[in-house]
Amino acid sequence: MSIPHDNQTNIDNQYSPQKQKMKSICRSSEINLLWDMAEKACKPSNEEYSMALNEDQLTFYRQNGYLLASGLISDQIAAQAEAAMWKLMDMDAGDASTWSMVPETADTYNKGSGAVIFNGVQDPDLMACATDDYLNAVAQLLGEPIDSLHSPEAIFALNLLGRPGQWTMPRHPHIDGLNPKHVPKTFPGPYRITSLLYLSDIEPQGGGTCVWPGSPSKIRALAESDPVKYKHLKDLNKDIPSLDLEPGIELTPKRGDILFFQHLFGHNGSVNTAAKPRFMMRFFCSCEKCYTTWPKADHWGFWTP
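Note that our numbering has the sequence shown beginning at 1, numbered continuously upward.
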């Protein structure tokens, strides 16, 4: 049986306070839901973004062009990676007589500098250094969500044998990305950020990387002063000695420390005058983007997030 229209109106009026209250609650819930959705859209979720670095570290990186960070690789992972590097070098960490031996499996050896290079190593203990904290730190320094990154596939080892003798600070820095076969352009450059991972405790004059704080802004200004002359990185690199840069600093990282730096950051290697070899690595990737942007060896390019 249907209710006449007049009777239905009376029933609505009878319960109107309760209905109005319910409508108000619904509207309030909808508004709160919309605000929550807006906030989530503006702020990355925990899955997208994790604070591996603090604000002071981010500010230092922006101002100086580099950051030496600790704690992104656990002591256990770093120790296992160091052990893997000793094995790769075919050396015994407890036997100093093996520390000057050049491994037959090395891809390149420079007798003068003592540099021993391996390309495209995929040892699980070395790859484990690409921790979640490391990847989150890269994302933070780029100002992008973690989902924008792809994982590296291998490592490039650049180890230094001991070369006892007088140590001198490099006179001038260089910039990364130089490749005589590829001839990369200065802008946008072959990378936005790169990193060096140290797998041994480095003593003063023990092969630590030397850095020039604040150099990217001055090197960039030089490049922009003559876009035609400095179209390619190789030409820009030649004129870096003409710049009035801040004094260079010798870094002495510990095992597990990571050096991040920007495009056009001035840095240089130094001789390892210690008896113990210095272990350091970077990440490789074989994807088309990495290989075509910054090729290095065979089918490998440096990992370029």
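Glycine included, every Cβ here is placed at the ideal spot set by N, Cα and C.
Note that the structure is a prediction, hence the values are computed from the model and not measured.
Task: Burial state of R171, where buried means 16 or more other Cβ atoms lie within 10 Å - done: Walking along the sequence shown from the start, residue 171 turns up at place 171. Exposed.
Task: Sequence-distant residues of its chain with Cβ nearer than 7 Å to I3 (five each side left out) - done: On the sequence shown, residue 3 is found 3 positions in, with the first residue counted as 1. Residue confidence for I3 is low, a pLDDT of 42 falling below 50, so the modelled location carries little weight and cannot support an answer.
Open item on the list: Applying the 10 Å Cβ sphere with the 16-neighbour rule, what's the burial state of K23?
Closed with: As a working mapping, residue 23 is identified with position 23 in the sequence shown. Residue placement at K23 is poorly supported in this model, since its pLDDT is 48, which falls under 50; the coordinates are not used for a value here.
Task: Alpha-carbon spacing of Q166 relative to K111, whole angstroms - done: Here the question's residue 166 lines up with position 166 in the sequence shown. Here the question's residue 111 lines up with position 111 in the sequence shown. Each residue's CA atom was taken as its position, placing Q166 and K111 some 17 Å apart.
Open item on the list: I need the straight-line Cα distance from L199 to P188, nearest angstrom please.
Closed with: Within the sequence shown, residue 199 is the residue found at index 199, counting from 1. Within the sequence shown, residue 188 is the residue found at index 188, counting from 1. A direct Cα-Cα distance of roughly 31 Å separates L199 from P188.
- [ ] Determine the direct distance from the alpha carbon of I77 to that of W86, and round the result to whole angstroms.
- [x] Numbered from 1 along the sequence shown, position 86 holds the residue referred to as residue 86. Numbered from 1 along the sequence shown, position 77 holds the residue referred to as residue 77. One Cα belongs to W86, the other to I77, and the distance between them is close to 14 Å.
Open item on the list: By DSSP's criteria, Q122 is part of a beta bridge. Which residues make up the other side?
Closed with: By one-based count along the sequence shown, residue 122 stands at place 122. Q122 is not bridged to any residue.
Task: Test item: CB-CB of F284 and A154 under 8 Å - done: As a working mapping, residue 284 is identified with position 284 in the sequence shown. As a working mapping, residue 154 is identified with position 154 in the sequence shown. Taking a C-beta distance under 8 Å as the contact criterion, F284 and A154 qualify as a contact pair.
Open item on the list: By the DSSP assignment, the alpha helix (DSSP H) with T293 in it spans what residues?
Closed with: Stepping through the sequence shown from its first residue, residue 293 is reached at position 293. Run containing T293: E288 to T293, per the alpha helix (DSSP H) assignment.
Open item on the list: Would D201 and R255 qualify as a contact pair, given that the criterion is a beta-carbon distance under 8 Å?
Closed with: Position 201 of the sequence shown, counting from 1, holds the residue named residue 201. Position 255 of the sequence shown, counting from 1, holds the residue named residue 255. Yes; because the gap between Cβ atoms is below 8 Å, this pair is in contact.
TODO: Have a look at Y326 and E203 and give me their C-alpha separation to the nearest angstrom.
DONE: For residue 326 there is no data in the structure shown, the boundaries of the chain being 1 and 305.
Task: Same chain, Cβ closer than 6 Å to K43, neighbours up to 5 away in sequence not counted - done: One-based indexing of the sequence shown puts residue 43 at position 43. Any reading at K43 must be qualified, since the residue scores a pLDDT of 43, below 50, and its modelled position is unreliable; no value is offered.
- [ ] Select from Y291, F279, L141 and M169 the residue whose C-alpha is nearest the C-alpha of Q63.
- [x] Translated into the one-based positions of the sequence shown, residue 63 becomes position 63. With distances taken between Cα atoms, Q63 lies closest to L141.
Open item on the list: Looking only at its chain, what residues have a beta carbon closer than 7 Å to the beta carbon of E246, apart from the 5 residues adjacent to it on each side?
Closed with: Translated into the one-based positions of the sequence shown, residue 246 becomes position 246. Excluding residues within five positions, the ones whose Cβ falls inside 7 Å are W212, P213 and G214.
TODO: Excluding the 5 residues preceding and the 5 following E250 in the sequence, name in chain order all residues of the same chain whose CB lies nearer than 6 Å to its CB.
DONE: Here residue 250 corresponds to residue number 250 of the sequence shown, with the count starting at 1. Once the five neighbours on either side are set aside, the close Cβ partners of E250 are G208 and C210.
Open item on the list: I'd like the span of the beta strand (DSSP E) that includes W300, first residue to last.
Closed with: The residue you call residue 300 lines up with position 300 of the sequence shown. In the DSSP assignment, W300 falls within the beta strand (DSSP E) that extends over W300 to F302.
TODO: Measure the alpha-carbon distance for P173 versus K231 and round it to whole angstroms.
DONE: As a working note, residue 173 is residue 173 in the sequence shown. As a working note, residue 231 is residue 231 in the sequence shown. Whole-angstrom Cα-Cα distance: 19 Å.
Task: Per-residue DSSP class, three states only, for V138 - done: Within the sequence shown, numbered from 1, the residue matching residue 138 stands at position 138. V138: helix per DSSP, three-state reduction.
Task: Boundaries of the alpha helix (DSSP H) in which F60 is found, first to last residue - done: Walking along the sequence shown from the start, residue 60 turns up at place 60. Secondary structure note for F60: its alpha helix (DSSP H) is the uninterrupted segment E55 to N64.
Open item on the list: Taking its Cβ as the centre, do 16 or more other Cβ atoms sit within 10 Å of A52, making it buried, or is it exposed?
Closed with: Numbered from its first residue, the sequence shown carries residue 52 at position 52. Under this definition A52 is a buried residue.
Task: Where C285 falls: helix, strand or coil (DSSP) - done: Here residue 285 is taken as the residue at index 285 of the sequence shown, counted from 1. Looking at C285 - three-state DSSP - the assignment turns out to be strand.
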